[in-house]
Each structure stands twice: as structure tokens, then as C-alpha cells.
């Protein structure tokens, strides 16, 4: 005589053991499949929400970048020069040796007048960051890194500073650091340490004056 029935499919069984076996055989797999389908639906809904957010976020960032960043020009769109010097704890490390020559076609040092101490820019809007990165170095407002083992960072006593002198101008501290795009015939001093004003002035006087020779303007410009 039939005594129990399945609450899922209403099939009747004589014993509880038979009913239990039936549920394990007939309905357990179906339940597992149902759970998998539910997970697929949940993941599908999640992707449907997340993907548009990511896409709109990327579009928004691209628009922001385009509005706030001047793009680098094509190679050959300019050819200007700047003298520069780097002092680290009072030691001058420029001119840079030949191993650093023409590391990038866009902005580099090379041979010729002021070899290793004149930066040549061959495309518009190239920042100093691109120059130093091409050398395996790094310049920020907080640190100057020659490599991972030689970092010169602000520590409360010693600080990193940058000064720029334009044509017919005077030396002024510049806070753009790696973002700075130099003008033709600029002079640039990057110095790290605890220098006095007099020591900084001596370092400024040690910045070379060869940029105008590379620009072919040495006969018409006096700085």
C-alpha cells in the first residue's frame, strides 16, 4: 500500500527510504542544475551592470586627459635646446657620459657643443619626465632617482629643487619638475641637498651656455 508521496513531483512510494532514494536520483541533479543556472543569471546581471560603468569611466578619463594634457607633437615638429646641470649633495653629475646619448629620438643629449649638458627636444610638448625616463632615471617633486639603488628624496633636511632661467630672464624656482616643457635656450638647474642661497647661486653659474651654439644663434644672442 502506498504511504508517502514526493512533494516535488507527487509520485507515491511505499516507504520513506524509497522516497528518499527517488529524491536523490531524480531531483538532486535537477536542483544542482538550477543553482548553476541561477549563478549564471546572477553573473550575467553583474556583468551587465559593471561593464557599462567601466566603459563610461574610461571614456570620461579619456576626455579629462584630452582636456588637461597637451599631446606630444610628431617627431621633427620642433628642434630646441636647453642647458642643464644636476647637483646631488653638492656633487655635479653633468655633463652626462656617452652611454646616455640619444636614448630617445624625441628628447636627448648628444655630442657636439656642450656634449652631455644640452638637452635637444625634437617634438613639441615633450616634458622632462620623458627625458629622464629614457635614461632610466626619474624626476618628481620629491625625488631624483639615478636608479633603484640611488635615490635622492626630500627628508626634512635635504630637499630637491629645480630652477629655470629663460632667455634674458633671471633664475626662478620652478615647481613643475617632471612636467616642465622647456623653452628654447632655457637654463635648468636640478639640485638636491641642504645648500645655502650662495651655494645655489654658484651652481646656477655652473650651468653651461652651449644651447645657443646648437641652435645656431650664438652670434645673435647674449645671455
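In the working numbering, the protein residues as written are 5 to 227. We put the CB at the ideal spot given by N, CA and C, even for glycine.
Closest residue to residue i among the options (Cα-Cα distance)
i	options	result
residue 162	145, 133 and 124	145
residue 75	166, 20 and 128	128
residue 171	159, 215, 78 and 153	215
residue 93	217, 207 and 142	207
residue 103	120, 190, 111 and 56	120
residue 201	190, 8 and 175	175
residue 77	8, 152 and 110	110
residue 217	101, 199, 20 and 117	117
Delimiting residues of the alpha helix (DSSP H) encompassing residue i
i	result
residue 209	201–209
residue 141	Where residue 141 is concerned, there is no enclosing alpha helix (DSSP H), given that its DSSP letter is neither H nor E.
residue 283	Since the first residue shown for the chain is 5 and the last is 227, residue 283 is missing from the structure and cannot be characterised.
8 angstroms Cβ shell around residue i - same chain, five flanking residues per side excluded
i	result
residue 183	131, 132 and 133
residue 147	155, 156, 157, 158 and 164
residue 186	84, 86, 123, 125, 132, 168 and 192
Cut-off 7 angstroms between Cβ atoms - residues of its own chain near residue i, not counting five sequence neighbours on either side
i	result
residue 210	89 and 96
residue 115	105
Alpha-carbon to alpha-carbon, residue j and residue i
i	j	result
residue 220	residue 126	15 angstroms
residue 164	residue 81	32 angstroms
residue 24	residue 12	12 angstroms
residue 107	residue 150	15 angstroms
residue 190	residue 56	47 angstroms
Coil, strand or helix - residue i by DSSP
i	result
residue 169	strand
residue 105	strand
residue 152	coil
residue 100	coil
residue 84	strand
residue 132	helix
residue 127	coil
Nonlocal neighbours in the same chain, by C-beta distance under 6 angstroms from residue i, ignoring five residues either side
i	result
residue 166	178, 181 and 194
residue 91	195 and 207
residue 54	none
Continuous beta strand (DSSP E) stretch holding residue i: start and end
i	result
residue 193	190–197
residue 179	Note, residue 179: premise wrong, no beta strand (DSSP E); not H, not E.
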